[in-house]
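Residue numbers (UniProt numbering): 1 to 87.
Pasting the structure below:
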């Protein structure tokens with residue numbers, strides 16, 4: 001759904017630990033060139049398309065989504081970024 005947005009080139013969603021909810025979905029997003037889309041705009045875009053418990057809690061902007069040579073998203077690397085705070 002995220003990559004259907006015209007200002008988003010690529011995206012991935014992973015679970016992040018949360019004290020209140022246990023886990024919440026967070027998105028890693030690669031913006032298109034010259035895009036200034038904000039975290040709030042992305043959250044609003046998604047909230048119109050999914051049920052409340054699937055809404056994105058946070059959005060992290062990164063240069064590229066890590067992928068295996070096969071094109072599969074390396075979610076383990078994204079979770080490692082969350083653990084280290086290195087996004």
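Idealized CB from N, CA, C, for every residue including glycine. Note that this is a predicted model, so its numbers are computed, not measured.
Any chance the region 35 to 53 sits against the region 71 to 80, with 3 or more Cβ pairs inside 8 Å? No: the two stretches stay apart, fewer than three of their Cβ pairs being nearer than 8 Å.
When the Cα atoms are used, what is the spatial distance from residue 26 to residue 70? Counting from one through the chain shown, the residue named residue 26 turns up at place 26. Counting from one through the chain shown, the residue named residue 70 turns up at place 70. Distance between the alpha carbons of residue 26 and residue 70 is about 24 Å.
From the beta carbon of residue 39, is the nearest beta carbon of chain E less than 8 Å away? The structure shown has no chain E; it contains just one protein chain.
For residue 12 versus residue 56, is the C-beta distance shorter than 8 Å? As a first step, residue 12 is located in the chain shown; it is residue number 12 there, counting from the start. As a first step, residue 56 is located in the chain shown; it is residue number 56 there, counting from the start. Not a contact, by the Cβ cut-off of 8 Å.
Please name the residue in 52, 31 and 53 whose C-alpha comes closest to that of residue 61. Taking the chain shown and counting its residues from 1, one reaches residue 61 at position 61. Considering only alpha carbons, the answer is 31.
Can you tell me the Cβ-Cβ gap for residue 58 and residue 16, rounded? I've got them flagged as a contact below 8 Å. Translated into the one-based positions of the chain shown, residue 58 becomes position 58. Translated into the one-based positions of the chain shown, residue 16 becomes position 16. Going by Cβ atoms, the distance from residue 58 to residue 16 rounds to 7 Å, so yes, they are a contact pair.
Comparing C-alpha positions only, which one of 65, 54, 66 and 33 sits nearest to residue 23? Working through the chain shown from its first residue, we reach residue 23 at position 23. Residue 23 has its Cα closest to that of 54, out of 65, 54, 66 and 33.
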